[in-house]
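**Student:**
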Amino acid sequence: MTHPLVAQLQFTRSEWLRALDGLTDEDARRRFPPMNCISWMVGHLAWQENRYWLRMAQGKDLAPQLDDLVGYGRPGSTPPLEGMWLTWQKVMEGANLYLEGLNEEDFGIHYQWKDLTVPESIGTLLQRVIYHYWFHTGEAMAIRQLLGHNDLPEFVGSFPKDAHYRVW
């Protein structure tokens, strides 16, 4: 059975996709400084998941190009949306294989990684990723409003059965 935190991440990702539904490349690459553009955000979230669930957890790197393009602290860029979505999907496939195999005891494991100031547990990193998605979902929705997009989602969508609260 999927751990409840992993189910929450999967739901959060689905809300990210819902928030960006129908977005064009032109609009995804539009910047309203100091914010980054939406295509940058897609790559940035893939960068974080690649970093945690592939590089740190498994020693794999499915998207090394993201470090310089959309990594934390990098200058703003306007990458093509299609390329960022393809990379995001590839990283999600690799991340899901790892995350689906976790059990309760695994969430207390701490990664030792060269650029983590304080090593964090898998559970804490998972929460960090979830909150990061919600941060950028709100930011992307604000950008879409600035772009004049109408009929945007107004609230969190329907929870799939595995995202409902349950005792683990």
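Here our numbering is used: the first residue of the sequence shown is -16, the next is one more, and so on. Yeah, the Cβ is synthetic: ideal placement off N, Cα and C, and Gly gets one too.
#1: Buried or exposed, going by whether 16 or more other CB atoms sit within 10 Å of the CB of Pro62?
#2: Unbroken alpha helix (DSSP H) runs of length 4 or more, entirely within the stretch 33 to 77: which are they?
#3: Tell me the residue span of the alpha helix (DSSP H) that contains Met124.
#4: What is the DSSP secondary structure of His(-14), reduced to helix, strand or coil?
#5: Rounded to whole angstroms, what's the CA-CA distance from Val139 to Leu129? Just pull it up for me.
#6: In three-state terms, what does DSSP make of His27?
#7: Is the separation between the beta-carbon of Tyr116 and that of Leu(-12) shorter than 8 Å?
#8: With the cut-off set at 8 Å, would you say Ala46 and Thr70 are in Cβ contact?
#9: Taking Glu9 as part of the alpha helix (DSSP H), name the residues at either end of that continuous run.
#10: Rounded to a whole number of angstroms, what is the C-alpha to C-alpha distance between His93 and His132?
#11: Just mark Tyr55 as buried or exposed, buried being the case when its beta carbon has 16 or more other beta carbons within 10 Å.
#12: Please return the same chain residues whose Cβ sits closer than 8 Å to the Cβ of Tyr81, not counting the five positions on each side in sequence.
#13: Are there 16 or more other CB atoms within 10 angstroms of the CB of Ser141, so buried, or fewer, so exposed?
#14: Confirm, please, whether the CB-CB distance from Glu(-2) to Thr120 is below 8 Å.
#15: Check this for me: beta carbons of Leu0 and Ile21, under 8 Å apart or not?
**Tutor:** Straight from the coordinates:
#1: buried
#2: 49 to 53
#3: Ile105 to Leu129
#4: coil
#5: 20 Å
#6: helix
#7: no
#8: yes
#9: Asp8 to Ala11
#10: 42 Å
#11: exposed
#12: Trp36, Leu37, Ala40 and Gln41
#13: exposed
#14: yes
#15: no
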